[in-house]
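First comes the structure, then the notes that go with it.
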Amino acid sequence: MEKALKQHPGNCIRVCLFGPESSGKSTLSRKLAQHYNAALVPEYARDYLQTLWDKEQQICRPKDLLPIAAGQMALENQAVAQGASLIICDTDLLTTKVYSEAYYNHWCPKLLETYALENSYDLYLLTYIDTPWEADDLRDKPDSREEMFTYFRQALARYRRPFVFVHGSIEQRLHTATKAINTLLV
813 MEKALKQHPG NCIRVCLFGP ESSGKSTLSR KLAQHYNAAL VPEYARDYLQ
863 TLWDKEQQIC RPKDLLPIAA GQMALENQAV AQGASLIICD TDLLTTKVYS
913 EAYYNHWCPK LLETYALENS YDLYLLTYID TPWEADDLRD KPDSREEMFT
963 YFRQALARYR RPFVFVHGSI EQRLHTATKA INTLLV
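Heads up: the sequence shown is residues 813 to 998, going by the working numbering.
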């Protein structure tokens, strides 16, 4: 499992969308990948957990965290192996760590924590919660959005990750994000 969580090195720029559920990460990540003709690494947890819900009517359990993290890294490492020069990641292992700690009373599997802190990105885009809440089978905390946003912001500060705050309409978010990413492409 340890090898599955390790980020493969590559000569690429990695940008990670980071923030609580229903804060516009997937929409913005798709727009950015299209804008730059970049590799898009989707959120593995969404498909994994939707399948779990559809089969067993279960939500995320502690035993699901490492398989989710391994699936996420497999998708990212595949983009690196394909030679992408810019990778837009809809999420990362630090996101999984934040959710683990929020949902399981500050607990996170040690292996997940190790790689969440070891893996690195050139830029995080911290998405604000000024987007409408979109309910689905997996989203469950519409009243905790501000609290979750605070957890995400604090994680970036605590681990000294480079980030830009994105908010507003999709056009405003895209403008802010592309301005920040363009500085990495010079």
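Note that beta-carbon positions come from the ideal geometry of N, C-alpha and C, so glycine has one too.
When the Cα of residue i is compared with those of the options, which residue comes out closest?
i: ALA850; options: VAL892, ALA857 and GLN870; result: VAL892
i: GLU930; options: VAL827, LEU906 and GLU983; result: LEU906
i: LYS837; options: VAL853, GLY822, ILE825 and CYS824; result: VAL853
i: ARG826; options: CYS872, PRO974, ALA967 and LEU986; result: PRO974
i: THR903; options: ASP876, LEU829, PRO821 and ASN917; result: LEU829
i: ILE993; options: TYR848, THR839 and LYS815; result: TYR848
i: ALA967; options: PRO821, ALA914 and ALA845; result: ALA914
i: HIS987; options: SER897, PRO821, THR863 and LYS843; result: LYS843
i: GLN894; options: GLN869, ASN823 and LYS991; result: ASN823
i: GLN890; options: ALA845, PRO821 and LYS991; result: PRO821
i: ALA896; options: ALA845, TYR927 and ALA928; result: ALA845
Are residue i and residue j closer than 8 angstroms when you measure CB to CB?
i: TYR936; j: PHE961; result: no
i: GLU888; j: GLN819; result: yes
i: ALA989; j: VAL978; result: yes
i: SER841; j: ILE899; result: no
Closer than 6 angstroms by C-beta to residue i: which residues in its own chain qualify, once you throw out the five before and the five after it? Chain order, please.
i: ALA881; result: LEU817, LEU905, THR908 and LEU924
i: ASP934; result: ILE825, ARG826 and LEU996
i: GLY980; result: none
In or out: residue i buried (at least 16 other Cβ within 10 Å) or exposed?
i: ASP859; result: exposed
i: GLY831; result: buried
i: TYR971; result: exposed
i: ARG985; result: buried
i: GLU983; result: exposed
i: VAL910; result: buried
i: THR943; result: buried
I'd like the list of long-range same chain contacts for residue i, defined as Cβ closer than 7 angstroms, with 5 residues on each side in sequence excluded.
i: ALA965; result: Strictly speaking, residue 965 in this sequence is Arg, with Ala absent from that position. The residues are LEU938.
i: GLU958; result: ILE941
i: TYR771; result: Summary: the structure shown does not reach residue 771, with the chain confined to residues 813 through 998, and so no result is reported for it.
For residue i, which residues of its own chain have a beta-carbon under 8 angstroms away from its beta-carbon, when the five flanking residues on both sides are left out?
i: LEU878; result: MET813, LEU817, PRO921, LEU923 and LEU924
i: PRO874; result: SER912, TYR916, TRP919 and PRO921
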